[in-house]
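Residue numbers (the numbering used here): 60 to 323.
From the three backbone atoms N, C-alpha and C, an ideal C-beta is built for every residue, glycine too.
Here the structure is laid out as structure tokens; the discussion comes afterwards.
Printed below as a string of structure tokens:
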């Protein structure tokens with residue numbers, strides 16, 4: 060374990076001492092992250108407990124106190140089961156407890172809208188989070204699903220709150236804000252990626268993120284961090300031109316943290 064601690068200390072020092080960093084590191088005032096990939100080996104996220112620990116320690120240093128990590132669940136690529144993901148959550152919570160990191164770690168999923176998702180919805184086996192039972196889902200990259208409104212309706216009917224992951228990244232919505240407006244009217248909430256505001260996914264995605272922010276359509280911020288190399292995103296986020304617009308959004312991240320205080 061000494062080897063792990065040394066590796067953790069060395070890597071965190073690299074992220075804390077980037078050029079242009081101030082004496083007082085920035086903090087994440089919304090205190091809850093609801094989109095990440097920190098369960099080792101279940102998807103394209105971290106590969107080991109050591110990598111997960113590096114990410115979790117850094118999130119704690121930023122002021123995050125509640126993490127809902129969201130592994131991919133899809134029929135073709137990552138058919139993860141509820142039991143597997145819950146076992147992974149228990150492992151992560153034990154890991155942060157062992158290292159005395161003040162974090163509550165929970166697990167939900169980033170569901171691909173496919174046949175497996177429909178089966179889980181039918182059987183009421185979706186992993187949700189928060190008292191509102193948020194369900195994070197993503198759609199395909201090629202074309203907008205024609206049945207998305209029906210899925211939103213069925214989620215709501217079964218007591219879930221639909222939450223679309225990174226809508227700014229779907230190119231088929233870049234010239235169709237009305238379609239996004241219609242999704243919101245149908246009851247779907249939106250989660251914006253940190254990297255979308257920094258230009259990580261390109262200028263068009265960054266421009267779409269700006270449109271969402273201007274319309275005050277951002278209900279959750281999510282890091283969507285997959286590995287330690289992504290940790291530079293936070294400093295880029297807080298220095299981005301659109302960062303002040305976050306204060307104008309109906310963000311629900313903080314409310315999730317407040318739920319912990321109500322329970323305790």
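Handout entry: Separation of residue 131 from residue 412, as counted between CA atoms
Key = Nothing about residue 412 can be read from this structure; the chain reaches only from 60 to 323.
Exercise for the section: Work out the CA separation of residue 121 and residue 258 for me, nearest whole Å. Expected result: Here residue 258 corresponds to residue number 199 of the chain shown, with the count starting at 1. Here residue 121 corresponds to residue number 62 of the chain shown, with the count starting at 1. Going from the Cα of residue 258 to the Cα of residue 121 covers about 21 Å.
Exercise for the section: Scan the region 70-145 and note each continuous alpha helix (DSSP H) run of 4 residues or more that stays entirely inside, going in chain order. Expected result: 108-120
Exercise for the section: Would you check if the distance between the CB atom of residue 222 and the CB atom of residue 250 is smaller than 7 Å? Expected result: Residue 222 sits at position 163 when you count from the first residue of the chain shown. Residue 250 sits at position 191 when you count from the first residue of the chain shown. Going by C-beta atoms, residue 222 is nearer than 7 Å to residue 250.
Practice task
In the DSSP assignment, find the unbroken alpha helix (DSSP H) run with residue 254 in it and report its ends.
Solution key: If you number the chain shown from 1, residue 254 lands on position 195. Start and end: 253-257.
Practice task
Leaving aside the five residues before and after residue 173 along the sequence, list all residues of the same chain whose C-beta is less than 7 Å from its C-beta, in chain order.
Solution key: As a first step, residue 173 must be located in the chain shown, where it is residue number 114. The residues are 133 and 134.
Practice task
Look at the alpha carbon of residue 113 and the alpha carbon of residue 158, and state the distance between them as a whole number of angstroms.
Solution key: Indexing the chain shown from 1 puts residue 113 at position 54. Indexing the chain shown from 1 puts residue 158 at position 99. In a straight line, the C-alpha of residue 113 is about 11 Å away from that of residue 158.
Practice task
Decide if residue 88 is buried, meaning its Cβ has at least 16 other Cβ atoms within 10 Å, or exposed.
Solution key: Counted from its first residue, the chain shown places residue 88 at position 29. That one is exposed.
Practice task
Run through the region 180-230 for me and flag every whole beta strand (DSSP E) of 3 or more residues, listed as ranges in chain order.
Solution key: 193-197 and 220-224
Handout entry: Helix, strand or coil at residue 170 according to DSSP, with G and I counted as helix
Key = In the chain shown, the residue the question calls residue 170 occupies position 111. Residue state, collapsed to three classes: strand.
Practice task
Have a look at the DSSP bridge pairing and note the partners of residue 250.
Solution key: In the chain shown, counting from the first residue as 1, residue 250 sits at position 191. BP columns for residue 250 point to 224 and 279.
Problem - Contacts around residue 160, its chain only, beta-carbon distance under 7 Å, and the 5 residues preceding and following it disregarded - result: The count along the chain shown starts at 1 and reaches residue 160 at position 101. Closer than 7 Å at the Cβ level, and outside the excluded window around residue 160, lie 115, 116 and 119.
Problem - Nearest candidate by alpha-carbon position, reference residue 171, set 284, 314 and 185 - result: Along the chain shown, one-based indexing puts residue 171 at 112. Here the closest residue by C-alpha is 185.
Problem - Presumed contact (8 Å Cβ cut-off) between residue 94 and residue 281, rounded CB distance - result: Here residue 94 refers to the residue found at position 35 of the chain shown. Here residue 281 refers to the residue found at position 222 of the chain shown. Between residue 281 and residue 94 the Cβ distance is about 3 Å, and since that is below 8 Å, they are a contact.
Handout entry: Cross-strand partners of residue 163 (DSSP beta bridge)
Key = Looking up residue 163 in the chain shown gives position 104. In the DSSP output, where bridge partners are listed per residue, residue 163 has 125.
Exercise for the section: State the Cα-Cα distance for the pair residue 195 and residue 127, rounded to the nearest angstrom. Expected result: On the chain shown, position 136 is the one that residue 195 refers to. On the chain shown, position 68 is the one that residue 127 refers to. Each residue's Cα considered, the two are about 11 Å apart.
Handout entry: Spatial neighbours of residue 100 in its chain, beta-carbon cut-off 7 Å, leaving aside the 5 residues before and after
Key = Taking the first residue of the chain shown as 1, we reach residue 100 at position 41. Counting only Cβ-Cβ distances below 7 Å, and skipping sequence neighbours, we find 106.
Handout entry: Same chain, Cβ closer than 7 Å to residue 167, five either side skipped, listed in chain order
Key = In the chain shown, residue 167 corresponds to position 108, counting from 1. So the qualifying residues of the chain are 127, 129, 186, 187, 188 and 195.
Handout entry: Exposed unless 16 or more other CB atoms sit within 10 angstroms - verdict on residue 315
Key = Locating residue 315 in the chain shown gives position 256, counting from the first residue. Buried.
Practice task
Would you kindly work out how many angstroms separate the C-alpha atoms of residue 215 and residue 176, rounded to a whole number?
Solution key: In the chain shown, the residue the question calls residue 215 occupies position 156. In the chain shown, the residue the question calls residue 176 occupies position 117. Looking at the two C-alpha atoms, the distance is approximately 15 Å.
Problem - CB contact flag (residue 272, residue 301, <7 Å) - result: For this step, residue 272 is matched to residue 213 along the chain shown. For this step, residue 301 is matched to residue 242 along the chain shown. Yes, the Cβ-Cβ distance between residue 272 and residue 301 is below 7 Å.
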